[in-house]
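Notes to accompany the following structure.
Number of protein chains: 2
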Amino acid sequence: MDPLKLENQLCFPLYVAAKEIVRKYRPFLDPLGLTYTQYIAMMVFWEHKSVTVGRLGDLLCLDSGTLTPMLKKMEAAGLVKRCRGSKDERVVTVTITEKGEALREKAQDVPTKMAGCVSLTQEEAVQLLALLKKLN
Amino acid sequence: MDPLKLENQLCFPLYVAAKEIVRKYRPFLDPLGLTYTQYIAMMVFWEHKSVTVGRLGDLLCLDSGTLTPMLKKMEAAGLVKRCRGSKDERVVTVTITEKGEALREKAQDVPTKMAGCVSLTQEEAVQLLALLKKLN
DNA sequence: TAAAATAAAATTGCACACAATATAAATCTT
DNA sequence: AAGATTTATATTGTGTGCAATTTTATTTTA
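Residue numbers (our numbering), protein chains in the order written: chain A, 4 to 139; chain B, 4 to 139.
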């Protein structure tokens, strides 16, 4: 068993599967005007209404180098507002707008549609989730 | 159970795990002068010596938009050569160089080092692999 | 309290990743 | 065989993703 053979890697199917899932989201997210990364950010906003950039980064495992430009685009799209904190001016708090809230309705059926694209049973999904968590 | 909550997503842990794995490779690949994507490409060259861009794209699930610039960098680094086919001039065949072959020695212990970073048993790894394959 | 250390975002630079389009060559079709 | 179609890469444009650095603000420390 050659450990430097592509087919013997664990990382590679993981890398491919992650890209594949994002790709499968596209047809459902395009009509909403969201990328996958913006979509998971919106999930945070739908749940918390308002979070700092740092907190968002912790939740999404993304740094400011990725988030700052993306949040500016989302602000330009009218989905969120970005405000410097008054108490601590280093902090930027991002808050969902009415338009962002409204998008939630249109996103409602995305998870169901995606579930239809994934050929795993409920049990397998749970198992996969457990293994992925253990990986981190 | 809110299907639009981040914590209820299957995709998100997958997306995070994939990024995390690539991140864990960095300290081992940096000394070789390879990125993760270049590393998996080198695995193909170590195995096949010579492949077309198209075939490489099939194996790595990457398109020419990603491969062409990367292969040019790898050529500039002296790891591979790119040659237009003489029989069919549309085809570009990429061939590993001596230097590319030599890099294999230095990469030899990367899989072992990585295995030390992943907290999965052999059995769990097999299970994960099966679930990921079913996902595609 | 002034200087040093720390912290939060933003910026910069590089490397993907991929859709869409362009280019050029080979193949098919009539 | 000329035109249409298909095929293999390359190019373009947009959007991450992250390390490293910078900027600005806060906190700690001497």
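Cβ coordinates follow ideal geometry from the N, Cα and C atoms, glycine included.
Quantities reported herein were computed from a predicted structural model and do not represent experimental measurements.
Distance between beta carbons of residue j and residue i, contact taken as under 8 angstroms
i	j	result
LYS2(A)	SER89(B)	It is not possible to answer for residue 2(A), since the shown part of chain A is limited to 4 through 139.
LEU82(A)	MET45(A)	7 angstroms
PHE48(B)	GLY103(B)	6 angstroms
LEU62(A)	LEU134(B)	Between LEU134(B) and LEU62(A) the Cβ distance is about 25 angstroms, and since that is not below 8 angstroms, they are no contact.
ARG26(A)	LEU7(B)	In fact, because the Cβ distance is near 20 angstroms, the residues do not count as touching under 8 angstroms.
GLY36(B)	ALA80(B)	7 angstroms
Cβ of residue i within 7 angstroms of any chain A Cβ
i	result
VAL54(B)	no
GLU127(B)	yes
VAL213(B)	Residue 213(B) lies beyond the range of chain B shown here (4 to 139); nothing can be said about it.
GLU50(B)	yes
Contact with chain B by residue i, beta-carbon distance below 7 angstroms
i	result
MET46(A)	yes
LEU135(A)	yes
LYS116(A)	no
ALA105(A)	no
LYS8(A)	yes
First and last residue of the uninterrupted beta strand (DSSP E) at residue i
i	result
THR69(A)	Counting along the chain, THR69(A) falls outside any beta strand (DSSP E), though it belongs to the alpha helix (DSSP H) covering 67–79.
ARG87(B)	83–87
VAL95(A)	95–99
Member of the options whose CA lies at the smallest distance from the CA of residue i
i	options	result
GLU23(A)	PRO30(B), GLU108(B), ARG26(B), PHE15(B)	PHE15(B)
TYR28(B)	ALA80(A), LEU13(A), LYS75(A), GLU108(A)	LEU13(A)
VAL97(B)	PRO114(B), ASP112(B), MET77(B)	MET77(B)
PRO9(B)	ILE43(A), VAL54(A), ASN11(A), THR115(A)	Correcting the residue type first, residue 9(B) is Leu in the shown sequence and not Pro. Of the candidates ILE43(A), VAL54(A), ASN11(A), THR115(A), the one whose C-alpha sits nearest the C-alpha of LEU9(B) is ILE43(A).
Under 8 angstroms from the C-beta of residue i: neighbouring residues of chain A
i	result
SER122(B)	LYS137, LEU138
Run of the alpha helix (DSSP H) containing residue i, from where it starts to where it stops
i	result
PRO26(A)	Looking at the sequence shown, residue 26(A) is not Pro but Arg. Run containing ARG26(A): 14–32, per the alpha helix (DSSP H) assignment.
VAL54(A)	That residue, VAL54(A), is in no alpha helix (DSSP H); its beta strand (DSSP E) goes 53–55.
Closer than 8 angstroms at the beta carbon, the chain B residues around residue i
i	result
PRO16(A)	LEU132, LEU135, LYS136, ASN139
Chain-ordered neighbours of residue i on chain A, where CB pairs are closer than 9 angstroms
i	result
GLU23(B)	CYS64, LEU138, ASN139
ALA80(B)	Within chain A, no residue comes near ALA80(B); the closest Cβ sits about 19 angstroms away, beyond 9 angstroms.
Cross-chain neighbours of residue i in chain B, by beta carbon under 9 angstroms
i	result
ILE43(A)	LEU9, GLN12, CYS14, PHE15, TYR18
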